[in-house]
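Chains A and B supply the protein sequences, listed in that same order. Heads up: the first sequence is residues -14 to 92, going by my numbering. Heads up: the second sequence is residues 912 to 1780, going by my numbering. Where is the CB? At the ideal position from N, CA and C, for every residue including glycine. Since we're looking at a predicted model, the values are computed, not measured.
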Amino acid sequence: MKILSRQEEIILTAIWKLQDNAYGMAIREEIEKITGLKMHFGSIYTPLARLLEKELISSYEGDPSPERGGRRKVFYNLSNEGKKALIEIHKIETALRANMPSLEIEK
Amino acid sequence: MKDKVRKPPAVLVRILNRLIDYRVSYDALGEFEERYYSIINRSGYLIAVAWYLCRIFFALPDYIFNSFYRSSSMLQNYFKIAFRNIKRHKVFSLINISSLAIGMACFILMLIWVTDELNYDSFFDNSDRIYRICSRGKVGDTVIRQTLTPAPLPATLISDFPDVEKAVRLSYKMSFDSKFEENVFNEKNVIFADSSFLDVFSFKLIDGKSERVLNEPGTGIITESVARKYFGDENPLGKSLILNDGLNIRIDGVINDMPRNSHFHFDIIISMSTNNIRNNDWRSNNFITYLVLREGASREQFEAKLPDFVIKYIGSGYADWMQWIEKGNSWEYFLQPLTRIHLISDLWAEYEPNGNIAYVYIFSVSAVLIMLVACFNFVNLSTARSACRAREIGMRKVVGSTRRQLIIQILNESVLYSMIAVILSLIIIYSVMPVFNNMANKQFELGDFINLQNVLILSLFAIFIGLLSGSYPSLYLSGLRPVAIIKGKVEDVKNKNILRNSLIIFQFSISVLLLICTFIIGNQLDYMQNKNLGFNKEQVLTIRNSRSLKQQKTVFKDELKQYSGISAVSGTYSIPGGHFVSQGFRSENSDPIVLNIGFCEPEYIDVMQLTMLQGRFFSRDFETDLNSIVINRRTADLLNWDNPIGKEIASREFNLTFTVIGVMEDMHYASLHHIVQPMALLLVDLQLGWPESYISVRFDTENVMETIAYIEDTWKSFVPDMPFEYSFLENDYYDLYKNERYTGKLFVISSMLAIFIAVLGLYGLTSFVIGKREKEMGIRKVLGARNSKIFILLSLDFIKWIALANIIAWPAAYFATESWLNNFAFRTAVDWKPFLISGFLSVFIALIIISGQSIKTAMANPVDSLRYE
């Protein structure tokens, strides 16, 4: 099983949540909505490249748009491996947090 | 809606494209473009461009990180291959790396030496504002340049010039017998100094209060080692040293030992107020004066005011000063920056023999040259091996390596070699350091130089050399054409040969140049040692602290004269190579002349075996000799006296007039750097303030040890608790040329190294080139050529290049040595012998190398070389 960095994990989750609408800007906004973190482009695109390298996600191109200077919009979706990874993560999370003494901050 | 769509600047887009991972660059760039347009609409063009630049800036960290990651995997392969190559061609790699290591070791050592020389005296506070003020002038035909200046100078400078913040007078070095309780030693580094000494020179007082030292007469400060010598661990403050059994000096302070890299070293400093000084005497120059200029003051402006200063104080003392100047004479003061004294100062009455900035230049240049030679070697050897690597390069290209990758690979190799060479050079330096220290008269420790900064600089240096030497081989090797290589052809381009040969020529010319210089320096040294000095320096022993004898001097000297092995004994104030007093005199026709005065006894002429040209020397038979003076030939020439006997010379300073009784042949009482100045001798009995300090003894027996033993015993019988200190005049004189001697040694080493490196290069080259012609020679042999013909054929090419190297080196060597020799007032002529010998040696050595290979090839069985055709 590949260990993912937190960054990659968050992006992976966001892509899954966004389903068909997962492109660069949308991913960024989604993450900001959920976690409140304003990520700059580098911290989105670098993990995206690594995820592509690991073949956890794949990309496909949409219609060309004038706003992008004639380029096509690039969408991302999870591959089977990616889905498996997310499941693994969830499993580990639950396993880790089972039977944990409750966290209370002393006053 | 704006019709004009301004895309982001194409340059920036391209940069960003390179920086972002190719997998997402399409997407990212599109994204950025979209955002760019919205920002232009919102905030304008400039903000948008600034934003785009920020994108670039933030993309950098990931790019740098990733490129390291990417290349590190290739690097592993490169290193593996590099090591394999080294193992496969052990001899070659060894030659390569060692010649580089030797070159580096040389370079680093030279660098250390040069840096040390350039940093003398820089440890003082405000060292950039401290100057020594010296005097120079033209008196008749004599040019005088000396450190000595008059007594009133410092005080007057301070009062007349607001730019002069502080000033101090120092006396010249003196020796005293110094005693505390039972400890008696002869101290040679004693000076008198004004109370401003510690204001000008920031030595820290370990003990004592700085306001109070060197004020009162009869007080002084000493260095740590002196304190330990006399007082052990006890506190020396308040205690007194007794000098020459008469002078009580109370110790008011202790300072650290003076650092090695300073132009003076004193052990005991006594307050100037202890002496009676004629503080209005502008005519005698007996003090060495240093001053500190105010911050921001201009040295040039200050120096410009000095000529008027001279007229005001010095000129005013002579009635006919202006006419004297008009006749072409001159007298002026000039400044020397403290930190430059060690390098450039070569005046009369220096404290210690100084270095010479010429040597700094020479050695910097030769260090760089040797480094270049080593690098050239490396280039040569690496390209020569191309045939072996051709197949590997070919394979790599076929499999898909780009030229850039190949270049990086080969550069990696040379940097690797360079790093190994640097480590090797450190080992070399460590083992050679004691010898180097010995020759250069310094005390370097490799440990002193190990600090983080130097290690970093050293690594950068290694990388730089690796890149420099590897640049050409990498370009050359990566440009080989794979198809041709695999087919078995390696092209032999004419250009390649020219470069290679010119490198060999260059290496050998440098070696020949250094060889010639070594011979010529050796010649000059021999000449100086053996030149007729006007006196006989052999078989003369100087007793250094005769003042300890006091009243018993005469009796002591008589005792010595009784001994059969001793032929003459004379007391004297000055010895050749030592200090002579510079005084102003006037002849009877009122010509002023500055004479260097020595004080001696009538026996001096026999001890030194001087030659009299006219008249006679002092003699005990004549009581009037107390008013007599013996002048040297130079003085007579300058005063235009053909018959000086009976003429008079007066010193206004002492209010005395002397009659000339004899003219002696010029004697070189200083080093042969200087022409002989006008000089005269007076009787030491005059007691003018320069008492007898030395006894010179001439012995004429083979039993030197016995004679010394006799003298020592006699000494002990007179003053048993005073140390007996003596030296041989020859050795004292020899010491004057310390600088030249070690330069000579350094040149010997440099030339040997240069030759060694050149030889290594030649060996590598010949083995390759001749090896390539194996097949050709095999065929020639089969066709009937004789061994000797083959040998000549192979060797002739190389001999041509060696000859060319000589032709280049000879004029350069001639020019260089001529200019060096001109530093000496007395020098040898540049002879043809060194040139021939060096030329012959270079050809001889080259022949040995070449023949080794040629003979092997010539004698080889053609069957072996042609077997695979």
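Problem - Exposed unless 16 or more other CB atoms sit within 10 angstroms - verdict on B:Ser1457 - result: buried
Exercise for the section: Spatial neighbours of B:Met1344 within its chain, please: CB distance less than 7 Å, with the 5 preceding and 5 following residues excluded, ordered by chain position. Expected result: Phe1355, Leu1357
Handout entry: Option nearest B:Leu1657 by Cα separation, candidates B:Pro1589, B:Tyr1270, B:Gly1557
Key = B:Tyr1270
Exercise for the section: Just the C-alpha distance for B:Pro1248 and B:Tyr1201, rounded to the nearest angstrom, thanks. Expected result: 10 Å
Problem - Same chain, Cβ closer than 6 Å to B:Tyr1580, five either side skipped, listed in chain order - result: Pro1487
Problem - Opening and closing residue of the beta strand (DSSP E) in which B:Tyr1605 lies - result: 1605 to 1610
Practice task
Answer yes if the region 1529 to 1538 of chain B comes into contact with the region 1502 to 1515 of chain B, meaning at least three C-beta pairs across the two stretches below 8 Å, and no otherwise.
Solution key: yes
Problem - C-alpha gap between B:Asp914 and B:Leu971, whole angstroms - result: Low per-residue confidence applies at B:Asp914: pLDDT is 43, beneath 50, and the placement is therefore not dependable, though the value from the model is reported in the following sentence. In a straight line, the C-alpha of B:Asp914 is about 34 Å away from that of B:Leu971.
Practice task
Can you check DSSP and say which residues form a bridge with B:Arg1411?
Solution key: Partner(s): none; B:Arg1411 has no beta bridge.
Problem - Under 9 Å from the C-beta of B:Arg917: neighbouring residues of chain A - result: Near B:Arg917 there are no residues of chain A at all, since even the closest Cβ is about 11 Å away, more than 9 Å.
Problem - Distance between beta carbons of B:Val1165 and B:Gly1119, contact taken as under 8 Å - result: 6 Å
Handout entry: Beta-carbon separation (whole angstroms), A:Leu3 vs A:Gly67, contact threshold 8 Å
Key = 13 Å between Cβ atoms; not a contact.
Problem - Under 7 Å between C-beta atoms of B:Ser1672 and B:Asn1288 - result: Checking the sequence, you will find Gly at residue 1672 of chain B rather than Ser. Cβ atoms of B:Gly1672 and B:Asn1288: closer than 7 Å.
Problem - Option in B:Thr1294, B:Asp1032, B:Leu1081, B:Lys1099 with minimal Cα separation from B:Ser1089 - result: B:Lys1099
Exercise for the section: Tell whether a beta-carbon distance below 7 Å holds between B:Asp1105 and B:Val1137. Expected result: no
Handout entry: B:Phe1035 - DSSP class collapsed to helix/strand/coil
Key = coil
Handout entry: Distance between B:Ser1195 and B:Ala1215 (C-alpha atoms, nearest Å)
Key = 23 Å
Handout entry: Where the alpha helix (DSSP H) through A:Trp1 begins and ends
Key = -9 to 3
Exercise for the section: Return the bridge partner residues of B:Met1085 from the DSSP annotation. Expected result: B:Val1101
Problem - First through last residue of the alpha helix (DSSP H) which encompasses B:Pro1384 - result: 1363 to 1389
Handout entry: Start-to-end residues for the beta strand (DSSP E) that takes in B:Met1523
Key = 1523 to 1526
Practice task
Indicate whether at least one CB of chain A lies closer than 7 Å to the CB of B:Ala939.
Solution key: yes
Practice task
Determine the direct distance from the alpha carbon of B:Ser1004 to that of B:Ser1765, and round the result to whole angstroms.
Solution key: 22 Å
Exercise for the section: Using a Cβ-Cβ cut-off of 7 Å, state whether B:Arg934 counts as contacting chain A. Expected result: yes
Practice task
Using only alpha-carbon positions, find the residue among B:Glu1303, B:Pro1063, B:Met1015 that is nearest to B:Asn1197.
Solution key: B:Pro1063
Problem - B:Ile1318 and B:Ser1380 closer than 7 Å at C-beta - result: no
Exercise for the section: Could you tell me which chain A residues have their CB closer than 7 Å to the CB of B:Ala970, listed as they occur along the chain? Expected result: Gly27
Handout entry: Proximal residues to B:Ala1547 (C-beta, below 7 Å), its chain only, five neighbours per side dropped
Key = Pro1555, Val1574
Handout entry: 9 Å Cβ cut-off: residues of chain B touching A:Thr(-2)
Key = What A:Thr(-2) touches in chain B: nothing, since even the nearest Cβ is about 18 Å away.
Practice task
Report the three-state DSSP secondary structure of B:Pro1248 (helix, strand or coil).
Solution key: strand
Exercise for the section: Counting only runs of 4+ residues fully inside the region 1663 to 1701 of chain B, write out the alpha helix (DSSP H) ranges in chain order. Expected result: 1685 to 1693
Exercise for the section: Can you grab the Cα-Cα spacing for the pair B:Ala1285 / B:Glu1303, in whole Å? Expected result: 26 Å
Exercise for the section: Taking C-beta pairs closer than 7 Å, name the residues in chain B that A:Ala34 reaches, listed in chain order. Expected result: Asp932, Arg934, Val935
Handout entry: Own chain, CB closer than 8 Å to B:Ile950, minus 5 neighbours either side, in chain order
Key = Ile958, Ala959, Trp962
Practice task
Please confirm if A:Tyr30 has its CB atom under 7 Å from at least one CB of chain B.
Solution key: yes
Exercise for the section: Count the C-beta pairs between the region 1334 to 1352 of chain B and the region 1003 to 1022 of chain B that are closer than 8 Å, then say yes if the count reaches three, no if not. Expected result: yes
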